[in-house]
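Residue numbers (the working numbering), protein chains in the order written: chain A, 2 to 112; chain B, 855 to 967.
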């Protein structure tokens with residue numbers, strides 16, 4: 002059973018426009034959510050996170066929204082840049098448990 | 855955040871052989887994990903490396919295939935034993951701590967031929 006789901010395997014966005022990456026989860030015990038960005042041949046790098054007590058966290062061009070009742074979170078990137086092209090993983094955990102990852106969404110930002 | 859050095863960064867191995875991947879952290883960490891990312895798939899947890907005791911394996915992963923050592927709080931190894939082409943993946947070491955969250959090594963890209 003997949004506890005963290007990213008239903009869109011890929012997304013293409015024009016440079017300068019908004020990218021919205023979505024993530025759904027099933028485990029209501031998760032209390033912390035993270036987004037990672039991964040380039041080919043590199044390990045995932047942390048992008049932004051949000052605790053379950055918040056519904057929004059912003060860091061520069063990146064904003065994460067959490068809707069606990071819908072068990073849904075999204076990552077907004079605005080404006081999108083070609084360097085944002087990568088695979089984005091949504092992840093979640095509770096307490097000291099390891100991260101549980103979604104399958105990732107490949108974002109392509111077209112110049 | 856913690857800095858992780860993971861070696862080797864990539865390798866091409868013959869089937870039936872074994873490869874040991876090393877993970878060195880620049881500070882003592884409590885939580886250390888090993889993940890695998892098969893082509894086109896998500897990161898899947900293999901096991902939690904426990905200092906001074908046997909690793910805790912996730913469903914579908916066994917110690918005979920993926921022996922793990924964790925002799926101290928800064929170092930761990932993962933061995934992929936008796937390899938087959940299905941073991942071709944990226945293997946990632948990860949650490950977690952209260953001050954810096956989760957951090958990943960750069961990964962080991964393994965190809966089994």
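For glycine and all other residues, C-beta sits at the position ideal for the given N, C-alpha and C.
Give me the residue from the options with the minimum Cα distance to residue i.
{"i": "residue 40 of chain A", "options": "A:87, A:105, A:104, A:103", "result": "A:87"}
{"i": "residue 964 of chain B", "options": "B:938, B:950, B:955", "result": "B:938"}
{"i": "residue 928 of chain B", "options": "B:914, B:863, B:949", "result": "B:949"}
{"i": "residue 61 of chain A", "options": "A:101, A:31, A:79, A:44", "result": "A:79"}
{"i": "residue 12 of chain A", "options": "A:55, A:47, A:28, A:76", "result": "A:76"}
{"i": "residue 99 of chain A", "options": "B:962, B:924, B:887", "result": "B:887"}
{"i": "residue 54 of chain A", "options": "A:38, A:63, A:106, A:72", "result": "A:72"}
{"i": "residue 26 of chain A", "options": "A:112, A:69, A:111, A:107", "result": "A:69"}
{"i": "residue 36 of chain A", "options": "A:108, A:110, A:93, A:107", "result": "A:93"}
{"i": "residue 899 of chain B", "options": "B:877, B:879, B:913", "result": "B:913"}
{"i": "residue 866 of chain B", "options": "B:911, B:958, B:944, B:907", "result": "B:944"}
{"i": "residue 877 of chain B", "options": "B:870, B:922, B:894, B:868", "result": "B:922"}
{"i": "residue 111 of chain A", "options": "A:4, A:103, A:16", "result": "A:16"}
Can you tell me where the beta strand (DSSP E) holding residue i begins and where it ends?
{"i": "residue 59 of chain A", "result": "57-60"}
{"i": "residue 886 of chain B", "result": "885-891"}
{"i": "residue 40 of chain A", "result": "Careful: residue 40 of chain A lies outside any beta strand (DSSP E) and carries neither H nor E."}
{"i": "residue 66 of chain A", "result": "63-68"}
{"i": "residue 90 of chain A", "result": "87-94"}
{"i": "residue 923 of chain B", "result": "922-926"}
{"i": "residue 873 of chain B", "result": "873-879"}
{"i": "residue 110 of chain A", "result": "106-111"}
{"i": "residue 25 of chain A", "result": "20-26"}
{"i": "residue 861 of chain B", "result": "858-861"}
{"i": "residue 869 of chain B", "result": "First-last for residue 869 of chain B: undefined, no H or E at that position."}
Could you round the C-beta distance between residue i and residue j to whole angstroms and report it? I think they count as a contact, below 8 Å.
{"i": "residue 31 of chain A", "j": "residue 95 of chain A", "result": "5 Å"}
{"i": "residue 90 of chain A", "j": "residue 896 of chain B", "result": "7 Å"}
{"i": "residue 901 of chain B", "j": "residue 915 of chain B", "result": "6 Å"}
{"i": "residue 941 of chain B", "j": "residue 967 of chain B", "result": "Wrong, their Cβ atoms sit about 11 Å apart, outside the cutoff."}
{"i": "residue 883 of chain B", "j": "residue 951 of chain B", "result": "5 Å"}
{"i": "residue 108 of chain A", "j": "residue 20 of chain A", "result": "6 Å"}
Skipping 5 residues on each side, what residues in its chain have a beta carbon closer than 6 Å to that of residue i?
{"i": "residue 51 of chain A", "result": "34, 58, 65, 67"}
{"i": "residue 890 of chain B", "result": "898, 900, 943, 945"}
Please return the same chain residues whose Cβ sits closer than 8 Å to the Cβ of residue i, not counting the five positions on each side in sequence.
{"i": "residue 910 of chain B", "result": "901, 902, 904"}
Complete alpha helix (DSSP H) runs within the stretch 932-958 of chain B (minimum length 4 residues, chain order): none
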